[in-house]
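Colleague: Protein chains in written order, with my numbering: chain A, 6 to 481; chain B, 6 to 481. Okay, handing you the structure first.
2 protein chains.
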Amino acid sequence: MTPEEFRKYGKQVVDWVADYLSTIEWYPVRSQSQPGEVRAALPAHPPEHGEPFERVLADLENTILPGVTHWQHPSFFAYFPANTSGPGILGDLLSAGLGVQGMVWATSPACTELETLVVDWLAELLGLPDHFRTDARGGGVIQDSASSASLVAVLAALQRASGGKVRADGVAGRYPVYVSSQTHSALEKAARIAGIGANNVRVVDVEPGTLTMDPAHLERLVAEDVAAGAVPALVCATVGTTSTTAVDPVARIGEICRAHGIWLHVDAAYAGVAAVCPELRWLNDGVAEYADSYATNPHKWLLTNFDCDVLWLADRAPMIDALSILPEFLRNSASESGDVIDYRDWQVPLGRRFRALKLWSVIRWYGAEGLRAHIRRGIGLAEEFAVLVRADSRFELREHHPFGLVCFRPLWTGMSADDANEATLAMLERLNDSGALYLSHTKVDGQVLLRMAIGAPSTERSHVVEAWERIRAQLP
Amino acid sequence: MTPEEFRKYGKQVVDWVADYLSTIEWYPVRSQSQPGEVRAALPAHPPEHGEPFERVLADLENTILPGVTHWQHPSFFAYFPANTSGPGILGDLLSAGLGVQGMVWATSPACTELETLVVDWLAELLGLPDHFRTDARGGGVIQDSASSASLVAVLAALQRASGGKVRADGVAGRYPVYVSSQTHSALEKAARIAGIGANNVRVVDVEPGTLTMDPAHLERLVAEDVAAGAVPALVCATVGTTSTTAVDPVARIGEICRAHGIWLHVDAAYAGVAAVCPELRWLNDGVAEYADSYATNPHKWLLTNFDCDVLWLADRAPMIDALSILPEFLRNSASESGDVIDYRDWQVPLGRRFRALKLWSVIRWYGAEGLRAHIRRGIGLAEEFAVLVRADSRFELREHHPFGLVCFRPLWTGMSADDANEATLAMLERLNDSGALYLSHTKVDGQVLLRMAIGAPSTERSHVVEAWERIRAQLP
């Protein structure tokens, strides 16, 4: 495709995306496609001859879209938001157009330097400590996801806990990792990938009610493991759990970590970005004092399309020790001078796209005040939704909803707990099948709760009110 | 940004990218930026108020571009190609615009089903065996990079070698991984990440001259390790090494793997895509019979912008056993039915973009014949370059160049080996400093070789000839 053909088709695709975003409400939120349906509608074999791009767009419209669940729909309230935005999409388009590789500084200096700048900008916007800055001992890096950030944290922690031995000898010995029952499954996955094993993922109790990690139980488990000869490697504290946005007591957990020399990773994948608002900075209490690493996802609630997780470290040395490797073909004088950052040593893959462009575009287009307004709007709508639920005696509201997620459940009077759960799940399926909105669920203390996660930039008050009308209409 | 603002700025960005691609030859190929220069030219703090997108584009032009090494430049001959193309960029733009999450089938069915289709298409285009197809026991999946593909292969291999024990207990015991000195460093990195340890990465000798793995030495190392109580986990054979595009004897290595029950991973990151041409299918000799996993990168030489590696497996079960985990919030009836693929269990991260769109766009726009023409063009230009080098007695040509890479060196008469290497590296720096072209280097048998990697879609015969003129002008 020549640059002039790209110019022509590029404008068609921009129009297609603009049209899609303006008419997204016409689509059912959740795809109504059955397994195999999309694939069966497409040619089983690749074309021998090239086709005009118009045919790709036609198939996209007619065959792919019916199989798409519209995560950018204003009535998408499932899981967590996966914000995109115009400047985020354009930043990604620039990255694809430039097509550079940022594996080391020398392979495209601006790719690394813009990244160090924007992760420092974001640390400042979130009120994170100065030692997370790239010009200090720590530093930030864009990862594809909080899962990968957790894995990098686990690898750095293992490196430190073993005094560097695992790099050479592997995981010989027990290096437990501590999570709560509410911690994201990514931590267990990371521990398995790192060779620690699922049995060495110790599950700390949560406080009844708040579902936050119980520091006293953590302390007991650590003591038990130390007595048994294990070397505790990492504790993961979560700020805004996936299930109910519970906020673990980071400072109290941090004290235990410090006493035992354990790496403290703070997973703030969803909620961390809310700290752009000064009134929400409490969510990071204890982070400055105790966190060895911290991750949050601008690709969830900060208008930056996937993939964009930012991982910060208080000290980058153990991570680099764990991950660095220097083949001959990447030797260069800039790396040898020590004056530059080579992000290859901050992540699992070697290659990397110019992802900083999209975060840079987003921060510049919205400015700090625009980002704060976006977060406050989501929280405001969640609060309005909570007021509606609270006012209806047929529902029980979970009162903890400091961010954009509201958990609640219908009170099915006269039903057993199991029957009530089944009735709630059946109601959820009916709602989602309608195509008018999309919610997800969680389970707390044996009870199925509905999760209403608000935070898409397209979501207006009317969508939230309409969702509530549809939900309450499900009950007699 | 409203959809209408996106429409307006989107077209500006498309024009910007089209202009950039049409004028890319005006830029020095390798950035001439010094460490810290780009960052110092940008504001140290994030903006409080939003800015017009025009200012982002102005800074891109004036501040970012001077720090960019132009990987899409027709005179970029360093490393390996990192092809982008119009349809690839547009596919990525569609992915960003849709903003869907494909972590499991249920979160956006088309995202998974188009991926199963295009990886099957690509397997067919490359003549890979039917058991790699997603409707068989194996299947393909898009990964961000060959590094991540190698890690997934190592994890699946560990799962199988340990009879599933590592998942629960971690890497207790020695599970060696076998590479050659020419294997990509990603394998050692994967082995370290997986908890195997660098000391359990056994380096098999290569044959002098061809630099291909010596099967007899592999056999001896395996026997030694087994006798010492270790459990050999994986052998990595490379088709097209990073240094010189050597092709390991996959079938002979495969026989040893089969005899000892060792997982055979074939890393064809660069060269694998060349098998779109029937006359190059020999590169996959032995793959159908012996490979447990196979990876190649359409983002290197097949016109699909980064990130797009495809990993295939002969049997997906050990990988899924190694990586699967099912939190409550992702439970859904489609997954429970077993009728669908959940790609979350085929990769390190949980979240995933709709990357199949770009590979689909590329295959449809070019068709099989267009892809073959692209590969043949690169090989043809490399052959022409080799003819020029061969004809000049001041240079030594490395005669192995079946793909787009030509390795050669100036014969510095009357110099010691060390001095000759230094002179070659100094000459390389002068050439790259000129901005007119960009080459990289490797080291073989103590000799520094220049690497001329041809394969960008924008590279014409004139660029190759001009590069040669500049290179030979460096010698007296």
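No residue lacks a Cβ here, since even glycine has one placed at the ideal position from N, Cα and C.
From the beta carbon of N289(B), is the nearest beta carbon of chain A less than 8 Å away?
Modeller: no
Colleague: List the endpoints of the continuous alpha helix (DSSP H) containing M432(A).
Modeller: A422 to D438
Colleague: Please name the residue, chosen from T309(A), G259(A), N437(A) and I330(A), that lies closest to A196(B) on a Cα-to-Cα basis.
Modeller: I330(A)
Colleague: Would you check if the region 331 to 343 of chain B and the region 178 to 192 of chain B touch, i.e. whether three or more CB-CB distances between them fall below 8 Å?
Modeller: no
Colleague: Under 8 Å Cβ-Cβ, which residues of chain B neighbour M218(A)?
Modeller: Neighbours of M218(A) on chain B: none; closest Cβ ~17 Å, over 8 Å.
Colleague: Just to make sure I have the definition right: I need the residues of chain A whose C-beta is within less than 7 Å of the C-beta of N437(B). Which are they?
Modeller: Residues of chain A passing the Cβ test: none, with the nearest at roughly 10 Å.
Colleague: Tell me which residues share the same chain as D326(A) and place their Cβ nearer than 7 Å to its Cβ, disregarding the 5 neighbours each side in the sequence.
Modeller: Q164, G169 and R172
Colleague: Let's test the definition: count the other Cβ atoms within 10 Å of the Cβ of Q39(A) and tell me whether it reaches 16, buried, or not, exposed.
Modeller: exposed
Colleague: What residues of chain A sit near T112(B), judged by a beta carbon separation below 7 Å?
Modeller: T74
Colleague: Do we get a CB-CB distance below 8 Å when we pair A228(A) with the residues of chain B?
Modeller: no
Colleague: Would L364(B) pass as an interface residue toward chain A - the criterion being a Cβ-Cβ separation below 8 Å?
Modeller: no
Colleague: Is the Cβ-Cβ distance between A250(B) and Y275(B) less than 8 Å?
Modeller: The sequence given here has Thr at residue 250(B), not Ala. Yes.
Colleague: Using CA atoms only, rank isn't needed, just tell me which of N437(A), A221(A) and A428(A) is closest to L416(A).
Modeller: A428(A)
Colleague: Going by beta carbon distance, what residues of the same chain come within less than 6 Å of S152(B), once the five residues before and after it are set aside?
Modeller: A191
Colleague: What is the DSSP secondary structure of Y275(B), reduced to helix, strand or coil?
Modeller: coil
Colleague: Please go through the same chain and pick out, in chain order, the residues whose beta-carbon is closer than 8 Å to the beta-carbon of A141(B), but skip the five residues on each side of it.
Modeller: D135
Colleague: Using a Cβ-Cβ distance cut-off of 8 Å, determine whether A330(B) contacts chain A.
Modeller: Per the sequence presented here, residue 330(B) reads as Ile, with Ala not at that position. Closer than 8 Å: yes.
Colleague: In chain B, which residues lie less than 7 Å from N204(A) when you measure between Cβ atoms?
Modeller: A173 and D174
Colleague: List the endpoints of the continuous alpha helix (DSSP H) containing P415(B).
Modeller: P415(B) -> not in any alpha helix (DSSP H); beta strand (DSSP E) instead, spanning L410 to P415.
Colleague: At a CB distance below 9 Å, what residues from the region 140 to 155 of chain A approach chain B? Give them in sequence order.
Modeller: Q148, D149, S150, A151, S152 and S153
Colleague: Looking at C-alpha atoms only, which residue of E10(B), S90(B) and D450(B) is the closest neighbour of P8(A)?
Modeller: S90(B)
Colleague: Report buried or exposed for P114(A), applying the criterion of at least 16 other Cβ atoms within 10 angstroms of its Cβ.
Modeller: buried
Colleague: Flag this pair as yes or no: are the beta carbons of F82(A) and I459(A) separated by less than 8 Å?
Modeller: In contact: F82(A) and I459(A) (Cβ atoms closer than 8 Å).
Colleague: Output the boundary residues of the beta strand (DSSP E) element that contains L133(B).
Modeller: Taken as a continuous stretch (DSSP letters only), L133(B) belongs to no beta strand (DSSP E), as it is neither H nor E.
Colleague: Can you pull out the residues from the region 243 to 265 of chain A whose beta carbon lies closer than 8 Å to at least one beta carbon of chain B?
Modeller: T247 and S248
Colleague: Give the single residue among G266(B), T112(B), A425(B) and G372(B) whose Cα lies nearest to the Cα of W126(B).
Modeller: G372(B)
Colleague: Enumerate in chain order the residues of its own chain whose CB-to-CB distance from W31(A) is below 6 Å, with the five nearest sequence positions on each side excluded.
Modeller: Spatial neighbours of W31(A) in its own chain (CB-CB distance under 6 Å, excluding positions within 5 residues in sequence) are not present.
Colleague: Anything in chain A within Cβ reach of R5(B), meaning under 9 Å, just list it in chain order.
Modeller: Nothing about residue 5(B) can be read from this structure; chain B reaches only from 6 to 481.
Colleague: Helix, strand or coil for H446(A), going by three-state DSSP, please let me know.
Modeller: strand
Colleague: Excluding sequence positions up to five away, which residues of its chain have a Cβ less than 6 Å from the Cβ of T447(B)?
Modeller: Within the same chain, T447(B) has close Cβ partners S248, L454 and R456.
Colleague: Against chain A, with Cβ distances strictly below 8 Å, would Y443(B) count as a contact?
Modeller: no
Colleague: State the start and end residues of the unbroken alpha helix (DSSP H) segment that holds Q164(B).
Modeller: For Q164(B), the uninterrupted alpha helix (DSSP H) segment begins and ends at A151 to A166.
Colleague: Can you tell me where the beta strand (DSSP E) holding G15(B) begins and where it ends?
Modeller: It is not in any beta strand (DSSP E) - G15(B) instead sits in the alpha helix (DSSP H) that spans P8 to S27.
Colleague: I want to verify the contact list: residues of chain B whose CB lies under 7 Å from the CB of V184(A), in sequence order.
Modeller: Those do not exist, as V184(A) stays about 12 Å from chain B at its closest Cβ, beyond 7 Å.
Colleague: Determine, using beta carbons only, whether R44(A) comes closer than 8 Å to chain B.
Modeller: yes
Colleague: Please tell me whether G409(A) has its Cβ less than 8 Å away from any Cβ of chain B.
Modeller: no
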